Amino acid sequence: EPEVTQTPSHQVTQMGQEVILRCVPISNHLYFYWYRQILGQKVEFLVSFYNNEISEKSEIFDDQFSVERPDGSNFTLKIRSTKLEDSAMYFCASSDSRGPGNTIYFGEGSWLTVV
Amino acid sequence: DAKTTQPNSMESNEEEPVHLPCNHSTISGTDYIHWYRQLPSQGPEYVIHGLTSNVNNRMASLAIAEDRKSSTLILHRATLRDAAVYYCILRRFGNEKLTFGTGTRLTIIP
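What follows is the structure, encoded as structure tokens:
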């Protein structure tokens with residue numbers, strides 16, 4: 797069964813460093829998402845991306861965050877200058893269509909620890 | 042946005058059916074009802090969704106009340122692998138992102 801894959805599974809970084817989290821969405825999907833989950837808290841929406849541009853973003857997704865689809869298969873989340881509060885599990889997701897009746901498929905997550 | 046209310050936790054015996062309730066009394070006519078689950082240390086996983094009619098798939102069944110103000114996710118025969126947090130989420134046109142609440146933590150007793 798096709799799946800969303802994410803790398804790295806776990807990354808430890810120094811505060812202030814840049815981090816890039818990588819994702820390979822399901823191959824025929826066109827809509828891409830990032831969510832995050834701080835330990836013990838809810839899963840939170842960060843951003844959605846379609847046709848090489850951001851279609852929606854949350855308040856969390858400020859100027860230190862950016863997303864990119866550098867080629868036909870990868871989708872990345874960059875955090876420019878990490879803060880302690882960015883420590884969380886980051887989930888990439890994808891879907892093949894828009895609309896409230898679609899299915900969104902999630903990856904296993906990348907656990908980011910900022911020290 | 043319409044909100045959902047779920048019990049914080051439930052327990053069920055292995056190999057028995059599980060009924061997970063969700064209240065959504067302010068649901069609008071075009072809101073889809075989605076269920077996702079999150080196993081420990083994993084990403085959310087789609088379970089099932091519906092609009093008005095009851096739905097069945099290989100994982101579960103979704104029973105939607107006639108007035109759509111509540112729904113029930115039914116796991117027909119729980120296994121230990123079904124221990125997870127189950128989220129009931131409403132989605133509508135124009136606000137299609139998944140908004141996760143705290144969900145119901147389901148514990149399966151061997």
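Residue numbers (my numbering), protein chains in the order written: chain A, 797 to 911; chain B, 42 to 151. Idealized CB from N, CA, C, for every residue including glycine. Treat the numbers as computed from the prediction; the structure is a model and nothing was measured.
What residue range is occupied by the uninterrupted beta strand (DSSP E) comprising B/Glu52? Taking the second sequence and counting its residues from 1, one reaches residue 52 of chain B at position 11. Per DSSP, B/Glu52 belongs to the beta strand (DSSP E) from 50-54.
What are the boundary residues of the beta strand (DSSP E) that includes B/Asn136? Within the second sequence, numbered from 1, the residue matching residue 136 of chain B stands at position 95. Unbroken run through B/Asn136: none, as it is neither H nor E.
Please list the terminal residues of the continuous beta strand (DSSP E) segment that includes B/Pro62. Within the second sequence, residue 62 of chain B is the residue found at index 21, counting from 1. B/Pro62 -> beta strand (DSSP E) spans 59-64.
Round the Cβ separation of A/Thr872 and A/Arg832 to the nearest angstrom and send it over; I've been treating them as touching at under 8 angstroms. Walking along the first sequence from the start, residue 872 of chain A turns up at place 76. Walking along the first sequence from the start, residue 832 of chain A turns up at place 36. With 8 angstroms as the limit, A/Thr872 and A/Arg832 do not qualify as a contact, their Cβ atoms being about 14 angstroms apart.
Within the same chain, show all residues whose beta-carbon is closer than 6 angstroms to that of B/Pro58, passing over the 5 residues directly before and after it, in chain order. For the purposes of this step, residue 58 of chain B is taken as residue 17 along the second sequence, with counting starting at 1. Listed in chain order, the non-local C-beta contacts of B/Pro58 below 6 angstroms within the same chain comprise His117, local neighbours out to five positions each way being set aside.
With respect to the beta strand (DSSP E) encompassing A/His825, which residues constitute its N-terminal and C-terminal limits? Locating residue 825 of chain A in the first sequence gives position 29, counting from the first residue. Boundaries cannot be given for A/His825, as no beta strand (DSSP E) includes it and DSSP labels it neither H nor E.
Measuring only between beta-carbons, confirm whether B/His65 sits less than 8 angstroms from chain A. Locating residue 65 of chain B in the second sequence gives position 24, counting from the first residue. Not one chain A Cβ lies under 8 angstroms of B/His65.
Measure the C-alpha to C-alpha separation of B/Ala43 and B/Glu137 and round it to an integer number of angstroms. Numbered from 1 along the second sequence, position 2 holds the residue referred to as residue 43 of chain B. Numbered from 1 along the second sequence, position 96 holds the residue referred to as residue 137 of chain B. A direct Cα-to-Cα measurement between B/Ala43 and B/Glu137 gives close to 12 angstroms.
Tell me the rounded alpha-carbon separation between B/Gln167 and B/Asn49. With chain B running from 42 to 151 in the structure shown, residue 167 of chain B is simply not present.
Do B/Ile68 and B/Leu39 count as a contact pair if the criterion is CB distance below 8 angstroms? Nothing about residue 39 of chain B can be reported from this structure: the residues present for chain B run from 42 to 151 only.
Please report the residue range of the beta strand (DSSP E) in which B/Leu114 lies. As a position in the second sequence, residue 114 of chain B is number 73, starting the count at 1. Where B/Leu114 is concerned, the enclosing beta strand (DSSP E) stretches over 111-116.
Taking just the CA atoms, how far does A/Phe845 sit from A/Arg894? If you number the first sequence from 1, residue 894 of chain A lands on position 98. If you number the first sequence from 1, residue 845 of chain A lands on position 49. Spanning the alpha carbons of A/Arg894 and A/Phe845 requires a straight line of approximately 11 angstroms.
Measuring straight from C-alpha to C-alpha, what distance separates B/Met100 and A/Glu797? What you label residue 100 of chain B is simply residue 59 of the second sequence in a count that begins at 1. What you label residue 797 of chain A is simply residue 1 of the first sequence in a count that begins at 1. One Cα belongs to B/Met100, the other to A/Glu797, and the distance between them is close to 15 angstroms.
How is B/Leu121 classed by DSSP in three states: helix, strand or coil? Mapped onto the second sequence, residue 121 of chain B falls at position 80. The answer is helix: DSSP assigns B/Leu121 an H, G or I state.
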